[in-house]
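First up is the structure itself, then whatever we jot down about it.
In our numbering, the protein residues as written are 1 to 254.
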């Protein structure tokens, strides 16, 4: 299945989505790398911040979505191009960053091992993945997709547990000789407006459903799902609280 990405919808909560990126990058200790890659860069605004931090580096932004890459800013010191995680070669890279990408890549543990081996000596591998798949937002989506109305059309479309525990990632990379820091953070996002949680997942987790169904069926599914989300995430006078847990890993190659 080819997922249709919507850069405008994804950027609706750009401020909240950018926080994990900066929390991740803050733990990278590279002083003056020569080659930096942002794998799964999306529309590239965050990639530009890497060029600002390391102005002497060649910074690459790579994403598999042409729609995302087309919107990337063409800034000096940043090169944007189409590419996938599976085909990426980390040979000679000093800093490899992957922010909210690997949950879409089955078997990404093998990729992490390969990248760790390919990194330049002294290189850094840093990635962040959502770990919110047991939250009501995701459970309700899967439950609705498995209902009699949608089961046939959406069979096998949604992922159940596409990421590992922090301890698993730590062991995977530490046993390959890297120094590893792994942790989880739960962000309590206070979202505004009607059906804000639906608006959030329409930019990410709901994309496989929207890419599979016709426009009319997608609208019907979204309406049913929105009703479930309103009960799970009631609005308060100050907004709707959406808890979102993420896993972070930063590994340094001696």
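Ideal Cβ positions, reconstructed from N, Cα and C, are used throughout, including at glycine.
Check	Outcome
Cβ-Cβ separation, residue 28 to residue 126 (assumed contact under 8 Å), whole Å	5 Å
Proximal residues to residue 195 (C-beta, below 8 Å), its chain only, five neighbours per side dropped	226, 229, 230
Best match in 50, 97, 66, 92 for proximity to residue 82 [C-alpha to C-alpha]	66
Within-8 Å CB hit, residue 57 to chain D	Chain labels in this structure do not include chain D; a single protein chain is all it has.
CB contact flag (residue 51, residue 25, <8 Å)	no
With 16 other Cβ atoms within 10 Å as the buried cut-off, status of residue 143	exposed
Closest Cα partner of residue 253 within the set 57, 43, 96	96
Assumed close pair residue 189, residue 16 - CB separation to whole angstroms, cut-off 8 Å	5 Å
Those residues which DSSP pairs with residue 39 across a bridge	62, 98
Rounded separation between residue 220 and residue 13 - CA only	24 Å
Closest residue to residue 91 among 72, 69, 111, 74 (Cα-Cα distance)	111
Nearest-angstrom Cα separation, counted from residue 206 out to residue 222	9 Å
Reduced DSSP secondary structure (H/G/I, E/B, other) of residue 126	strand
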